[in-house]
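Undergrad:
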Amino acid sequence: MRGATAARTVVAPIVLGIAALALWQLVVVVFDVKPFVIPSPLAIGTAFGQTPDTILASALLTGWNALVGLMLGSIVGILFAVLAALVRVVDQITAPLVAGLAVVPIVALAPVFYTMFGANAQTARQLVAAIAVFIPVFLNTLRGLRQVRPVHRDLMKAYAASPWQATRTVTLPVALPYVFTGFRIASSLAVISALVAEYFGGPIDGVGRAITSAVSSSNYALAWAYVGGAILLGLAFYCVTLALEILANRHRGHA
Amino acid sequence: MTDLPSTGSAPIGAPAVSVTGVDKTFSTRSGTVTALQDIDLTVAPGEFVSLIGPSGCGKSTLLRLIADLDSPTTGAVSVFGKTPRQARIDQEYGIAFQQAGLLPWRTVRANVELPLELHGAGRAERAARVTELLELVGLADFGGSYPDQLSGGMQQRVAIARAIAESPRLLLMDEPFGALDEMTRERMQTELVRICAETGAAVVFVTHSIPEAVFLSNRVVVMSPRPGRIRDILDVDLGRAGERGDALREDEHFFASVSAVRELLHGEQAARGAVRGVENR
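If you want it as structure tokens, here you go:
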């Protein structure tokens, strides 16, 4: 029975996906849909197959920008969350700032950053990703740091544990799964922000730039192939951070 | 008062716990609530004392005062002749709560080891002691398990092993078996009696089960609510801890004591209505 369910959960989506692609191909061929509306999956696949190295290189560059942004935004987010958890004033000051930052359309800052850091550097893209990452990591970490159960707080007091001992043995381990939830949410944001920031200028590389230049040279199948590359990149970020989150959540039942 | 462990030993003959003239009030939005009023209680070294009463009688609050997790509004508490704060810093007591309060990301061994680790015991010493403790609570085969892999009763046994890890002379227990089913509960009671006989620790035990209090205790302190007061203290003494077994539950002295505690608890029933939160089973 278990084998059958596993097969159904794995096989069913694959079958559905193939069926959808086949239908798409059929519609494009039968109704003679023009490539600028939508190219056929076979044409996209061919475009992908012709230049896999270029697509991979662009995806890696955008991925690197997203990763730098993810790291930078996470470090700053965690540091501020720890400060806010420890010092009440910091919490009161940062709360409205973070709320304000959360409603700013962050990619809109990209053109300004390109002027600030120079149009030949990747800094602006990495910074846009970092700001997008900062918010979910900060909020989740702060929430995690406040999840210590009263019984554990009492226990640490009963053991006359020092503040540092209590932090190390209870507060940080409790917060850890929340930090990883923040990473998982932030990872998609990092990829999206780094990619969309490329639309607004900067060096002529990365998946975002490749998509715009392929469209402007009327190579629609190639543009879609780059979109496929972007999807794979986002999936990779999501899957890795999801695996880390699941790992951090082992043995977290209440006891 | 300092944060350093005191070097001098407790005064000779000092009681394990001494509570004199203690009041405890809490300020809430709707005014002050008197949780405890005029509490006097002495627990001798090695004595097992239960606090019993309906919800809101302040029995858990009293335990928290002894543990220095809260401080009294007026009056004085001393533990082995020291202030509760000093006794806590010197680790004079072990404590167990209604929730096992294990750290779910640590194995059973690492949970039992926690107090030893916090207080700087060496690795070899810790390992030896944990093996001994797991043997004592009958969990020798579960050292590598995680708390979420254990039943509620087993988790509570881990918590008890943790509480007695440093061989404290005083054990404070706040309804440790409250969340367990009746059969597990009786088995845990028998085990606790055995463990106390082996360690010789004094115990202050909060419960709202009458048979549990009678089975375990040398004395049962009956409390009444609003404000929390000690209504009466009943000597039970059903024999030395080592001699108490399950046969005792069928003994007529046991039933007589259960009835006596029940009558004390329900003393003001006519005036106050039914006593809530007390299990009569």
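Chains A and B supply the protein sequences, listed in that same order.
Per this note's numbering, the very first residue in the first sequence carries number 24; after that it's consecutive.
Per this note's numbering, the very first residue in the second sequence carries number 241; after that it's consecutive.
No residue lacks a Cβ here, since even glycine has one placed at the ideal position from N, Cα and C.
Computed from a predicted structure; not experimentally measured.
1. For Lys57/A, is the classification buried or exposed, using 16 other Cβ atoms within 10 angstroms of its Cβ as the cut-off for buried?
2. Give the DSSP-derived three-state secondary structure of Ser249/B in the structure shown.
3. Listed from N- to C-terminal order along the chain, which residues in the stretch 154-183 of chain A have their beta-carbon within a distance smaller than 7 Å of any beta-carbon of chain B?
4. When you compare the CB of Gln326/B with every CB in chain A, is at least one pair closer than 8 Å?
5. How would you list, in chain order, the residues of chain A whose beta-carbon sits under 9 Å from the beta-carbon of Ala307/B?
6. With 8 Å as the threshold, decide whether the Cβ of Ile329/B is near any Cβ in chain A.
7. Which residues in the same chain as Thr85/A place their Cβ atom closer than 6 Å to its Cβ, once the five residues preceding and following it in sequence are excluded?
8. Please report how far the alpha carbon of Arg366/B lies from the alpha carbon of Ala401/B, in whole angstroms.
9. What does Pro186/A reach in chain E if we use C-beta pairs closer than 7 Å?
10. I'd like to confirm the pairing. Which residues does DSSP put opposite Tyr333/B in its beta bridges?
11. Three-state secondary structure (DSSP) at Gln48/A?
12. My assumption, with CB atoms under 8 Å, is that Asp280/B sits in contact with Val259/B. Please give the rounded CB distance.
13. How do the stretch 380-399 of chain B and the stretch 314-325 of chain B stand: do at least 3 beta-carbon pairs fall below 8 Å, yes or no?
14. Run the CB neighbour count on Pro312/B, radius 10 Å, all protein chains shown included, and call it buried at 16 or more, exposed below.
15. Anything in chain B within Cβ reach of Val193/A, meaning under 8 Å, just list it in chain order.
16. So, with DSSP's three-state summary, where would you put Gln277/B?
17. Would you report the Cα separation of Gly92/A and Cys297/B, rounded to the nearest angstrom?
18. Along chain A, in chain order, which residues have C-beta atoms closer than 8 Å to that of Pro355/B?
19. Assuming the contact rule is C-beta atoms closer than 8 Å, Ser464/B and Val289/B should be a hit. Round their C-beta distance to whole Å, please.
20. At a Cβ threshold of 8 Å, is Ile335/B touching chain A?
21. If Val444/B sits next to Leu303/B, beta carbons under 8 Å apart, how far is it from one beta carbon to the other, in whole angstroms?
22. Does Leu358/B have its Cβ less than 8 Å from a Cβ in chain A?
23. Does any residue of chain B have a CB that is nearer than 8 Å to the CB of Pro58/A?
24. Tell me where the beta strand (DSSP E) around Ala254/B begins and ends.
25. Is the beta carbon of Leu212/A sitting closer than 8 Å to the one on Pro159/A?
26. Closer than 7 Å, Cβ to any Cβ of chain B: which residues of the stretch 38-64 of chain A, in chain order?
27. Could you pull the start and end residues of the alpha helix (DSSP H) that Ile154/A belongs to?
28. I believe Val377/B touches Glu415/B by the beta-carbon criterion, under 8 Å. Please report the beta-carbon distance rounded to the nearest angstrom.
29. Three Cβ pairs or more, each shorter than 8 Å: is that satisfied between the stretch 182-200 of chain A and the stretch 139-146 of chain A?
30. Tell me, please, which residues DSSP counts as bridged to Leu523/B.
TA: So, to answer that:
1. As a working mapping, residue 57/A is identified with position 34 in the first sequence. So Lys57/A ends up on the exposed side.
2. Translated into positions along the second sequence, residue 249/B becomes position 9. Reliability of the predicted coordinates at Ser249/B is poor, the pLDDT of 47 falling under 50, and the value obtained from them is presented with this limitation in mind. It is coil, neither helix nor strand.
3. Val174, His175, Asp177, Leu178, Lys180, Ala181, Tyr182, Ala183
4. Translated into the one-based positions of the second sequence, residue 326/B becomes position 86. So, not an interface residue.
5. One-based indexing of the second sequence puts residue 307/B at position 67. Annotation: Cβ neighbours of Ala307/B in chain A (cutoff 9 Å, chain order): Asp177, Lys180, Ala181.
6. Translated into positions along the second sequence, residue 329/B becomes position 89. Chain A, which has a Cβ nearer than 8 Å to the Cβ of Ile329/B, makes this yes.
7. Position 62 of the first sequence, counted from the first residue, corresponds to residue 85/A. Excluding positions up to five away in sequence, the list reads Ala217, Leu218, Gly229, Val230.
8. The sequence position of residue 366/B within the second sequence is 126, counting from 1. The sequence position of residue 401/B within the second sequence is 161, counting from 1. Going by the C-alpha atoms only, they are around 13 Å apart.
9. In the structure shown, chain E does not exist; the protein chains are A and B.
10. Looking up residue 333/B in the second sequence gives position 93. DSSP output for Tyr333/B lists Leu410/B as bridge partner(s).
11. Locating residue 48/A in the first sequence gives position 25, where the first residue counts as 1. Note: Gln48/A maps to helix in three-state DSSP.
12. Reading the second sequence from its first residue, position 40 is the one you call residue 280/B. Reading the second sequence from its first residue, position 19 is the one you call residue 259/B. The Cβ separation is near 6 Å, so the contact holds.
13. no
14. The residue given as residue 312/B occupies position 72 in the second sequence. Looking at its Cβ environment, which holds 16 or more other Cβ atoms inside 10 Å, Pro312/B is buried.
15. Position 170 of the first sequence, counting from 1, holds the residue named residue 193/A. Leu343, listed in chain order.
16. By 1-based counting over the second sequence, the position of residue 277/B is 37. Strand, per DSSP.
17. Along the first sequence, one-based indexing puts residue 92/A at 69. Along the second sequence, one-based indexing puts residue 297/B at 57. Answer to the nearest angstrom: the Cα atoms are 56 Å apart.
18. For the purposes of this step, residue 355/B is taken as the residue at position 115 of the second sequence. Those within 8 Å of Pro355/B in chain A are Tyr182.
19. Locating residue 464/B in the second sequence gives position 224, counting from the first residue. Locating residue 289/B in the second sequence gives position 49, counting from the first residue. About 17 Å separates the Cβ atoms of Ser464/B and Val289/B, ruling out a contact at the 8 Å cut-off.
20. The residue labelled residue 335/B in the question sits at position 95 within the second sequence. At least one chain A Cβ lies under 8 Å of Ile335/B.
21. By one-based count along the second sequence, residue 444/B stands at place 204. By one-based count along the second sequence, residue 303/B stands at place 63. Contact flag correct, Cβ pair sits at about 6 Å.
22. For the purposes of this step, residue 358/B is identified with residue 118 of the second sequence, where counting begins at 1. Yes, Leu358/B lies at the interface with chain A (some Cβ there is under 8 Å from its Cβ).
23. The residue labelled residue 58/A in the question sits at position 35 within the first sequence. Judged by the 8 Å Cβ criterion, Pro58/A is not in contact with chain B.
24. One-based indexing of the second sequence puts residue 254/B at position 14. Careful: Ala254/B lies outside any beta strand (DSSP E) and carries neither H nor E.
25. The residue given as residue 212/A occupies position 189 in the first sequence. The residue given as residue 159/A occupies position 136 in the first sequence. Against a cut-off of 8 Å, the Cβ pair of Pro159/A and Leu212/A comes out as a contact.
26. Taking 7 Å as the Cβ-Cβ cut-off against chain B, none of the residues of the stretch 38-64 of chain A qualify.
27. The residue given as residue 154/A occupies position 131 in the first sequence. Looking at the DSSP string, the run of the alpha helix (DSSP H) that includes Ile154/A is 146-168.
28. Translated into positions along the second sequence, residue 377/B becomes position 137. Translated into positions along the second sequence, residue 415/B becomes position 175. No, Val377/B and Glu415/B are not in contact; Cβ-Cβ is about 18 Å, not under 8 Å.
29. Contact fails between the stretch 182-200 of chain A and the stretch 139-146 of chain A, because fewer than three Cβ pairs, one in each stretch, are under 8 Å apart.
30. What the structure shows of chain B is the stretch from 241 to 521, and residue 523/B is not part of that stretch, so it cannot be assessed.
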